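Chains C and D are the protein sequences, given in the same order.
Going by the working numbering, the residue at position 183 of the first sequence is 183; the numbering climbs one at a time, nothing skipped.
Just add 216 to wherever you are in the second sequence, counting from 1, and you've got the working numbering.
Protein chains: 2
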Amino acid sequence: MKKIKVHIADDHKILIDGISAVLKIQEDIEIVGCSLDGAQTIEWFEENTADVLVLDISMPNVNGIEVMQSFQKKRVIPNIIILSSYDEMKLIREVLKIGAKGFLTKKCAGEHIVEAIRSVNSGKQYFSESIQKKMVDFLSGAGEENNPESTFFSPLTEREKEVLKLIGNELSTKEIAEKLFISVNTVETHRKKLMKKLGVKNVVGLVIYAMKNRII
Amino acid sequence: MKKIKVHIADDHKILIDGISAVLKIQEDIEIVGCSLDGAQTIEWFEENTADVLVLDISMPNVNGIEVMQSFQKKRVIPNIIILSSYDEMKLIREVLKIGAKGFLTKKCAGEHIVEAIRSVNSGKQYFSESIQKKMVDFLSGAGEENNPESTFFSPLTEREKEVLKLIGNELSTKEIAEKLFISVNTVETHRKKLMKKLGVKNVVGLVIYAMKNRII
DNA sequence: TTCGACATCACCGTTTTCAGTTAGTCTAAA
DNA sequence: TTTAGACTAACTGAAAACGGTGATGTCGAA
């Protein structure tokens with residue numbers, strides 16, 4: 001019998017090992033690889049293939065969304081199941097747009113990951129109950145989160161990430177300017193650009209974004 | 217043979233299920249309970265006992281540190297292994313102070329949790345390699361984190377948590393004042409008190425604290 | 001009953017953030 | 001070669017945050 005080849009990407013090794021232990025019991029599933037950050041994931045798929053990729057969003061260096069974006073250029077892409085700590089509507093929409101076939105939160109039970117893998121491997125989609133409810137609420141207008149401007153993820157330039165990281169170190173604009181040897185005005189411009197890109201009101205939004213995307 | 221009774225507390229069910237799958241293979245370990253937040257954990261230990269508690273710090277409602285604090289008043293307390301995403305020195309010191317016997321980060325491999333459980337159950341302590349290194353660096357003065365004032369966790373009043381949560385919603389001081397029907401001056405006082413208690417410079421530090429402690 | 005913790009409010013002055021706009025340079029892609 | 005994006009920088013003015021201090025009333029514990 002042909003087993004379903006699965007790759008797991010998550011920066012928490014203990015979670016990978018745990019899920020692996022659950023999947024190993026299944027006769028129709030085989031773990032062919034795992035990676036601890038986005039860069040490793042992309043690298044692995046350069047040389048290898050899998051039927052299903054279980055992918056975390058919040059990873060250092062290269063996050064899950066960037067991994068999916070890198071796949072868009074490739075011919076063969078795996079069926080992707082997002083396994084995330086966060087479940088905001090804007091994140092769900094974002095990953096669906098770039099081709100995710102399933103979405104689970106880390107609050108879900110271990111058996112659901114098994115079901116999800118089988119589903120997406122047979123061409124179906126899979127969403128955990130809580131995610132389905134979110135989607136229905138959103139579509140019926142019952143949900144609170146209806147801000148289409150704000151995005152869970154935006155591609156930031158290297159310089160912007162650098163500035164954001166320093167903001168996360170509790171540095172003021174002046175201190176950042178001194179550290180980077182640039183003008184205070186420039187740092188302020190970066191700051192404003194960041195807020196606009198991420199659709200947030202103030203530095204609080206920046207910090208939340210940075211933590212969710214592992215920039216801090 | 218008497219098995220080691222283990223309780224696991226983590227708000228990510230999938231992690232619990234994963235670790236359970238790993239532990240179930242072990243002949244000398246038995247999972248006697250699990251809980252998805254701090255309140256559940258405390259409640260469970262009112263009625264039951266375990267030899268070892270594997271405890272996450274970052275949980276909604278009542279976090280891991282508050283759980284440990286609630287145990288301090290009890291006569292019989294389990295051997296506690298902290299399993300955390302974060303590994304700052306100030307967190308490590310804090311949990312050791314209130315009686316943790318082991319500390320692992322979620323980056324560690326599944327087999328280490330097994331070793332840790334056996335260790336603490338036999339009266340020994342257990343720290344993952346990366347944590348041991350942190351501790352040595354700190355003691356030898358090589359570490360950067362030597363700020364004794366700042367604390368990973370501080371007991372906040374209900375009102376303070378409320379204000380902090382609203383700060384996390386990107387509300388300005390004025391907006392918070394309107395929402396809580398109190399003066400702007402009062403909100404500013406709360407804000408200042410929060411910063412002082414948590415030993416942070418500005419709102420950035422507040423948001424980071426709030427996210428790590430699941431207040432946002 | 002006294003004490004301390006908490007929540008409330010006020011006044012002050014300084015510093016920083018935030019919003020809007022404009023504009024020069026440089027590089028890499030079309 | 002034009003064009004677009006990135007990084008840099010400046011200016012202005014309003015709004016908000018930050019730091020320090022002092023004061024009031026309430027409530028529960030010692």
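Built from N, CA and C at the ideal position, the CB exists for glycine as well.
All of these numbers come straight from a predicted model, not from anything done at the bench.
Given that residue 160(C) touches chain D, what residues does it touch there, using C-beta distances under 9 Å?
By Cβ distance, chain D contributes nothing, its closest Cβ being about 16 Å from residue 160(C), past 9 Å.
- Task: Find out if the Cβ-Cβ distance for the pair residue 332(D), residue 22(C) is shorter than 8 Å.
- Result: By the CB criterion at 8 Å, residue 332(D) and residue 22(C) fall outside the cutoff.
- Extent of the continuous beta strand (DSSP E) to which residue 35(C) belongs: 29-35
Between residue 427(D) and chain C, is the shortest Cβ-Cβ distance under 8 Å, so that the two count as touching?
Yes, contact with chain C.
How about the stretch 335-351 of chain D and the stretch 311-318 of chain D: do they share at least three Cβ pairs that are nearer than 8 Å?
yes
Notebook entry, point to check: If the cut is a Cβ gap below 9 Å, which residues of chain C does residue 396(D) touch?
Noted result: Result: empty, since nearest Cβ-Cβ is about 17 Å, beyond 9 Å.
Check residue 415(D) in the structure and name its three-state DSSP category.
coil
key: Check: residue 250(D) C-beta below 7 Å from any heavy atom of the ligand MN   = This structure does not include the ligand MN; it has no bound ligands of any sort.
Query - Interface residues of chain D facing residue 207(C) [CB-CB closer than 7 Å] - result: 420, 423, 424
I need the boundaries of the beta strand (DSSP E) containing residue 7(C), first residue and last residue.
Per DSSP, the continuous beta strand (DSSP E) segment holding residue 7(C) begins and ends at 4-9.
- Message: Can you pull the chain D neighbours of residue 170(C), defined as C-beta to C-beta under 7 Å?
- Response: 416, 417, 418, 420, 421
Taking 8 Å as the CB-CB cut-off, is residue 7(C) touching chain D?
Under the Cβ distance rule, residue 7(C) does not count among the residues neighbouring chain D, no pair being separated by less than 8 Å.
Discussion item. Taking a contact to mean a Cβ-Cβ separation below 8 Å, would you say residue 414(D) touches residue 370(D) in this structure?
Written reply: yes
Interface residues of the stretch 306-339 of chain D facing chain C [CB-CB below 7 Å]: 322, 323, 324, 325, 326, 329
task = Would you list the one or two residues that DSSP bridges to residue 79(C)?
result = Under the DSSP definition of a beta bridge, residue 79(C) partners with 52(C).
Do the CB positions of residue 273(D) and residue 251(D) come within less than 8 Å of each other? no
**Message:** Contact criterion: CB-CB distance below 8 Å. Does residue 76(C) meet it with respect to chain D?
**Reply:** no
Legend entry - Residue from 358(D), 350(D), 267(D) whose Cα sits closest to the Cα of residue 306(D): 350(D)
Backbone secondary structure at residue 141(C) - three-state DSSP
coil
Quick one: does residue 244(D) have its CB under 8 Å from some CB of chain C? no
* On the DSSP bridge assignment, give the partners of residue 320(D) in chain order. => Within the DSSP bridge table, the entry for residue 320(D) names 299(D) as partners.
What are the boundary residues of the alpha helix (DSSP H) that includes residue 328(D)?
For residue 328(D), the enclosing alpha helix (DSSP H) starts and ends at 326-337.
Alpha carbons only, please: which of 357(D), 330(D), 265(D), 303(D) is nearest the one belonging to residue 244(D)? Nearest of 357(D), 330(D), 265(D), 303(D) to residue 244(D), Cα basis: 330(D).
Cβ-based burial, residue 191(C) [other Cβ within 10 Å; buried from 16]: buried
From this set, 42(C), 61(C), 204(C), which residue's C-alpha is nearest residue 69(C)'s C-alpha?
42(C)
What are the partner residues of residue 425(D), as DSSP defines its beta bridges?
Residue 425(D) is not bridged to any residue.
Cβ-based neighbour list, residue 277(D), same chain, cut-off 7 Å, excluding 5 preceding and 5 following: Excluding sequence neighbours, residue 277(D) sits near 253, 254, 255.
*With residue 26(C) as the anchor, note down where its alpha helix (DSSP H) starts and where it stops.*
First-last for residue 26(C): undefined, no H or E at that position.
Rounded straight-line distance, which links the Cα of residue 140(C) to that of residue 206(C): Residue 206(C) and residue 140(C) have their alpha carbons spaced roughly 30 Å apart.
### Query
How about residue 9(C) and residue 76(C): do their beta carbons lie closer than 8 Å?
no
Closest by C-alpha distance to residue 82(C), when choosing among 167(C), 47(C), 96(C) | 96(C)
| message | Contact criterion: CB-CB distance below 8 Å. Does residue 228(D) meet it with respect to chain C? | response | yes
- Alpha carbon to alpha carbon, how far is residue 78(C) from residue 48(C)? 11 Å
| In this structure, does DSSP put residue 45(C) in helix, strand or coil? | helix
Answer with buried or exposed for residue 241(D), where buried requires no fewer than 16 other C-beta atoms within 10 angstroms of its C-beta. Counting Cβ neighbours within 10 Å, residue 241(D) comes out exposed, since fewer than 16 surround it.
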